[in-house]
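Undergrad: I have a structure I would like to understand better, so I am pasting it below and will then ask my questions one at a time.
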Amino acid sequence: MSSTRNSAGFTLLEVSIVLLIVGLLLGSVMQPMGAGLAERQRRQTLEQLVEIREALIGYASVYHRLPCPISSGNGSEEPQLPEQDCLTAHGYVPAAALGITGRYDSSGLLTDSWGAPIQYHVTLSDSDSNGLADFTTVGEMRRVGMHNLKPEYEICSASSCDQLRANRVPVVLLSTGRMITGSVDESENQDSDTRFVSRDIDLVGDDQFDDIVIWLSGNVLLTRLLQAHVLP
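Numbering (the working numbering), first residue to last: 3 to 234.
Right under this line is the structure:
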């Protein structure tokens, strides 16, 4: 009887050791697979943002203005008449107006690789104070003149903006990444002001950041509109 019990106990121990080893092996395999998936999601989202930026330039070349952000997927916030202005500078990508395809959430908003709506911010600056936003009113960029336009967004390396990456930016596109808000810098990207933070991804500690931020500079937009003969 004693011999039988010892044999059975030894067998259970062996099974436990085998399961432990298998668990460690699976963990060592799954960890790089998870990292690879995260990197692929970031790359796909970045490519998606670049595609949207190009679509915005194309839209401005055809309609002589930038589209308005939307808050739902029905496009009701997109003005149909030249004299109408945008309801807000901060919202989401008007994918239908831009002809962008992709995945959408239950509200009909274009989403990134993590299923979050992609944010679109457009400056509503009015350089000559005539009540018409320069970049979102038909023909206003041409009338005001490229040297007089004053887009108001700035891109910083931190919320304190000790290091400025770009200024006088008319358009910002933003994906919140896997995290919605992970740090002060990420919160800066959600407060609907004129400052945005773009920096390296950091998933460790209290200063985590995985927002993906790209922008359309004023110089690039104006150059492309000159090439399209929208501007003189």
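We treat Cβ as the ideally placed atom computed from N, Cα and C, and that holds for glycine.
(1) Relative to the C-alpha of residue 125, which candidate in 215, 227, 107 and 70 has its C-alpha closest?
(2) Cβ of residue 129 within 8 Å of Cβ of residue 152?
(3) My understanding is that residue 102 touches residue 72, with C-beta atoms under 8 Å, so please give their C-beta distance in whole angstroms.
(4) Is it buried or exposed for residue 231, if we count other Cβ within 10 angstroms and need 16 for buried?
(5) Are the beta-carbon atoms of residue 195 and residue 138 separated by less than 8 Å?
(6) Would you call residue 119 buried or exposed, if buried means 16 or more other Cβ atoms sit within 10 Å of its Cβ?
(7) Just mark residue 13 as buried or exposed, buried being the case when its beta carbon has 16 or more other beta carbons within 10 Å.
(8) Let me know the secondary structure DSSP gives residue 204 once reduced to three states.
(9) Between residue 228 and the ligand ADP, is the CB less than 7 Å from at least one heavy atom?
(10) Residues bridged to residue 93 by DSSP?
(11) Identify the continuous beta strand (DSSP E) that holds residue 224 and give its terminal residues.
(12) For the beta strand (DSSP E) containing residue 177, name the first residue and the last one.
(13) Could you tell me how far apart the beta carbons of residue 161 and residue 187 are, in whole angstroms, since I believe they sit closer than 8 Å?
(14) Assuming residue 156 is part of the beta strand (DSSP E), what are its boundary residues?
(15) Of the choices 157, 209 and 185, whose alpha-carbon is the least far from that of residue 200?
(16) Give me whichever residues DSSP pairs with residue 217 in a beta bridge.
(17) Name the one or two DSSP bridge partners that residue 168 has.
(18) Going along the chain, which residues of its own chain have a beta-carbon closer than 6 Å to the beta-carbon of residue 57, five neighbours each way excluded?
(19) Within a Cβ cutoff of 7 Å, which residues of the same chain sit near residue 90, ignoring the five residues on either side of it in sequence?
(20) Are at least three pairs of beta-carbons, each pair with one atom in the stretch 170-182 and one in the stretch 199-217, less than 8 Å apart?
(21) Under the rule that 16 or more other beta-carbon atoms within 10 Å means buried, what is residue 221, buried or exposed?
(22) Report the CB separation of residue 74 from residue 110 in whole angstroms; it is logged as a contact under 8 Å.
TA: In short:
(1) Numbered from its first residue, the sequence shown carries residue 125 at position 123. If we check each option's Cα against that of residue 125, 70 comes out closest.
(2) Taking the sequence shown and counting its residues from 1, one reaches residue 129 at position 127. Taking the sequence shown and counting its residues from 1, one reaches residue 152 at position 150. It is a contact, given that the beta carbons lie within the stated cut-off.
(3) For the purposes of this step, residue 102 is taken as the residue at position 100 of the sequence shown. For the purposes of this step, residue 72 is taken as the residue at position 70 of the sequence shown. Contact between residue 102 and residue 72 fails: their C-beta atoms lie close to 12 Å from each other, not under 8 Å.
(4) Position 229 of the sequence shown, counted from the start, is the residue given in the question as residue 231. Burial call: exposed.
(5) Sequence index remark: in the sequence shown, residue 195 carries index 193 (1-based). Sequence index remark: in the sequence shown, residue 138 carries index 136 (1-based). Going by C-beta atoms, residue 195 is not nearer than 8 Å to residue 138.
(6) In the sequence shown, the residue the question calls residue 119 occupies position 117. Label assigned to residue 119: buried.
(7) Taking the first residue of the sequence shown as 1, we reach residue 13 at position 11. Counting Cβ neighbours within 10 Å, residue 13 comes out exposed, since fewer than 16 surround it.
(8) What you label residue 204 is simply residue 202 of the sequence shown in a count that begins at 1. The answer is strand: DSSP assigns residue 204 an E or B state.
(9) In terms of ligand content, the structure shown is empty, and the ligand ADP therefore cannot be addressed.
(10) Counting from one through the sequence shown, the residue named residue 93 turns up at place 91. Answer is 122, bridged to residue 93.
(11) The residue given as residue 224 occupies position 222 in the sequence shown. Membership of residue 224 in any beta strand (DSSP E) is not indicated; the residue belongs instead to the alpha helix (DSSP H) covering 220-229.
(12) For the purposes of this step, residue 177 is taken as the residue at position 175 of the sequence shown. DSSP places residue 177 inside the beta strand (DSSP E), whose first and last residues are 173-177.
(13) Here the question's residue 161 lines up with position 159 in the sequence shown. Here the question's residue 187 lines up with position 185 in the sequence shown. Contact holds; Cβ gap of about 5 Å.
(14) The residue you call residue 156 lines up with position 154 of the sequence shown. Here the beta strand (DSSP E) through residue 156 covers 155-158.
(15) Residue numbering aside, residue 200 sits at position 198 when the sequence shown is read from its first letter. Closest option to residue 200, Cα to Cα, is 157.
(16) Start at 1 with the first residue of the sequence shown, and residue 217 comes out as number 215. Bridge partners of residue 217: 174.
(17) Here residue 168 refers to the residue found at position 166 when the sequence shown is read from its first residue. DSSP lists 157 as the bridge partner or partners of residue 168.
(18) Numbered from its first residue, the sequence shown carries residue 57 at position 55. For residue 57, where only same-chain residues beyond five positions count, the Cβ hits under 6 Å are 100 and 102.
(19) As a position in the sequence shown, residue 90 is number 88, starting the count at 1. Cβ within range, chain order: 71.
(20) Under the 8 Å Cβ criterion, the stretch 170-182 counts as touching the stretch 199-217, having at least three qualifying pairs.
(21) As a working note, residue 221 is residue 219 in the sequence shown. So residue 221 ends up on the exposed side.
(22) Position 72 of the sequence shown, counted from the first residue, corresponds to residue 74. Position 108 of the sequence shown, counted from the first residue, corresponds to residue 110. That belief holds up - the Cβ atoms of residue 74 and residue 110 are roughly 6 Å apart, short of 8 Å.
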